[in-house]
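Position one of the sequence shown corresponds to residue 3 (my numbering), numbered consecutively onward.
C-beta atoms are modelled at their ideal positions from N, C-alpha and C, and glycine is treated no differently.
Quantities reported herein were computed from a predicted structural model and do not represent experimental measurements.
What follows is a short report on a single structure.
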Amino acid sequence: MTKKLTFLGIETSCDETAASIIRENDKGTADILSNVVSSQIEEHKKFGGVVPELAARAHLENIDHILNRAIEESKISIEKIDGVAATAGPGLIVCLSIGLNMGKTIAAFSDKPFIGVNHLEGHALSPGLNDNMKFPYLLLLISGGHTQFLIVKDINDYEQLGTTIDDALGEAFDKTAKMLDLGYPGGPSIEKFSKLGNEKFFQLPEPIINRAGCNLSFAGLKTAVLRETKKINGNLELKYNLAASFQKTVNKILYKKTKVAAKMFMEKTKKKEFQFIVAGGVAANKSIRENLTKLSNEMNFQIIFPDIKFCGDNAAMIAWAGIQRFKKNLIDDLKIKAKSRWPLDEKAPYMKGPGLKL
Ligand code: KG4
Ligand code: ZN
């Protein structure tokens, strides 16, 4: 019987300070021994978004306490773990360095292997905490900073099929909520207030929906929301209608583009049966879950969502990615540095900014 690995994970890439200890189990998934997340929502609420200096300071203030709690709750001592994994990118360097340096220090002092994890690989592998995943699978990663369709061929082996050419989906939710003055973080509040509105009330644009391929675009949708927001003059009923219409439009875009991505996946992999994973913070949205589940029934593929607590940023997914990389001998030395940009598919064209060709 092979040894079941126990890893400490640390995550500080954006606005959550998180630490977690997990252990592999007999089912091929993970037992979560502790999973501590300290969100900085209160700090960033008044600004309607993440403020880097505030985020870094909050990580510094929180990290010792979060780590101690994760170790205490796990009921095992650091000597008993098999390795340490910390997010090394992409994200804000000042934030990343706090968790990364802490992870490296613990690994050095306890003489354990260290793995610097790509935050996006953490999200990409996160369903493995609860479900048995089979490579290759199709991934829709929807978070505050990223929106991509990828073929997950193996650990450390990704092919990007499509990406947003402007805003990330989470960003579009957050900005829409800010325009409508519905609170921060935007995703959960848009989801909540959409239930009170009429989703057919506003006709909003569906940028590049009919263009070939599965790239996505949300900037035009956001601008249209801004235009309508100015007209409705704070009327509550219209605000809810606008939130609902925004969410419906997002669902329409995701439905259509996932259909295209699934076809691309089948063509490239020659597989008709496959798993489709929706991961990242926005994957917590129930209407998106229902919408894509409907498509999975229609197209006959298996859809898997990470447990809600592993959709948003957390350190259990970082520990899990660390374990998977360790098993492939992808171990880092302590010279590893934080990276602000770190695409999963290094060969994929960079799709934002001037010179962009669609
Ligand atoms: O994965 P995540 O926690 O952090 C990043 O890596 O970016 O994703 C955060 C994003 C935020 O934009 C937040 O508004 C969005 O996920 N989000 C949601 C929901 N919950 C969180 N978006 C839509 N519906 C939700 N229920
Ligand atoms: Zn994330």
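Residue i by DSSP, collapsed to three states: which one?
i: Thr-225; result: helix
i: Asp-159; result: strand
i: Gln-326; result: helix
i: Asp-347; result: coil
i: Asp-334; result: strand
i: Pro-209; result: coil
i: Lys-5; result: coil
i: Gly-357; result: Low per-residue confidence applies at Gly-357: pLDDT is 39, beneath 50, and the placement is therefore not dependable enough to give any value.
i: Lys-339; result: coil
i: Asn-299; result: helix
i: Lys-197; result: coil
i: Ser-191; result: helix
i: Lys-202; result: coil
i: Asn-287; result: coil
i: Lys-29; result: coil
i: Gly-172; result: helix
i: Ile-234; result: helix
i: Ala-317; result: coil
i: Gly-147; result: coil
Please list the terminal residues of the continuous alpha helix (DSSP H) segment that includes residue i.
i: Val-2; result: Examination of residue 2 is not possible in this model, given that the chain is present from 3 through 360 alone.
i: Ile-310; result: Ile-310 -> no alpha helix (DSSP H), and no H or E assigned at all.
i: Glu-63; result: 54-76
i: Leu-182; result: No alpha helix (DSSP H) contains Leu-182, which DSSP labels as neither H nor E.
i: Pro-129; result: Taken as a continuous stretch (DSSP letters only), Pro-129 belongs to no alpha helix (DSSP H), as it is neither H nor E.
i: Ala-109; result: 95-112
i: Glu-81; result: No alpha helix (DSSP H) contains Glu-81, which DSSP labels as neither H nor E.
For residue i, which of the options has the nearest alpha-carbon?
i: Val-119; options: Met-135, Gly-130, Tyr-242 and Leu-98; result: Leu-98
i: Ser-289; options: Val-252, Asn-64 and Ala-90; result: Val-252
i: Leu-131; options: Ala-317, Arg-343 and Ile-333; result: Ala-317
i: Ile-260; options: Ile-12, Leu-143 and Phe-9; result: In the sequence on display, residue 260 carries Thr and not Ile. Of the listed residues, the one whose Cα sits closest to Thr-260 is Leu-143.
i: Glu-292; options: Lys-274, Thr-107 and Lys-250; result: Lys-250
i: His-148; options: Asp-315, Val-262 and Leu-336; result: Asp-315
i: Glu-275; options: Tyr-139, Ser-342 and Ala-179; result: Tyr-139
i: Ala-109; options: Gly-324, Pro-187 and Ser-128; result: Gly-324
i: Asp-113; options: Glu-18, Ile-100, Pro-187 and Ile-80; result: Ile-80
i: Met-135; options: Phe-204, Ile-157 and Val-38; result: Ile-157
i: Lys-233; options: Met-181, Ile-100, Ala-87 and Asp-176; result: Met-181
i: Lys-6; options: Pro-129, Gly-105, Gly-30 and Thr-14; result: Gly-30
i: Phe-278; options: Asn-212, Trp-322, Leu-152 and Leu-228; result: Leu-152
i: Pro-351; options: Asn-287, Thr-165 and Ile-338; result: Thr-165
i: Arg-213; options: Lys-337, Val-262, Thr-271 and Gly-189; result: Val-262
i: Thr-19; options: Pro-115, Met-353 and Ile-65; result: Ile-65
i: Ile-192; options: Tyr-242, Phe-267 and Ile-310; result: Tyr-242
Which two residues bound the contiguous beta strand (DSSP E) that contains residue i?
i: Thr-19; result: 18-26
i: Ala-364; result: Here the chain comprises residues numbered 3 to 360, so residue 364 is not present and cannot be evaluated.
i: Asn-134; result: Where Asn-134 is concerned, there is no enclosing beta strand (DSSP E), given that its DSSP letter is neither H nor E.
i: Asp-33; result: 32-41
i: Thr-8; result: 8-13
Taking DSSP's pairing of strands, which residues face residue i in a bridge?
i: Ile-153; result: Leu-140 and Glu-161
i: Thr-89; result: Val-119
i: Glu-218; result: The sequence as given places Leu at residue 218; Glu does not occur at that position. Partner(s): Thr-166.
i: Gln-304; result: Gln-277
Heavy atom of the ligand GTP less than 7 Å from the Cβ of residue i, yes or no?
i: Asp-159; result: Ligands displayed in this structure: the ligand KG4 and the ligand ZN; the ligand GTP is not among them.
Legend entry - Three or more C-beta pairs below 8 Å linking the stretch 12-28 and the stretch 69-77: yes
Legend entry - Three CB pairs or more closer than 8 Å across the stretch 78-98 and the stretch 328-345: yes
Inset, instruction - Could you tell me whether the stretch 200-213 touches the stretch 222-233, using the rule of 3 or more Cβ pairs below 8 Å? - result: yes
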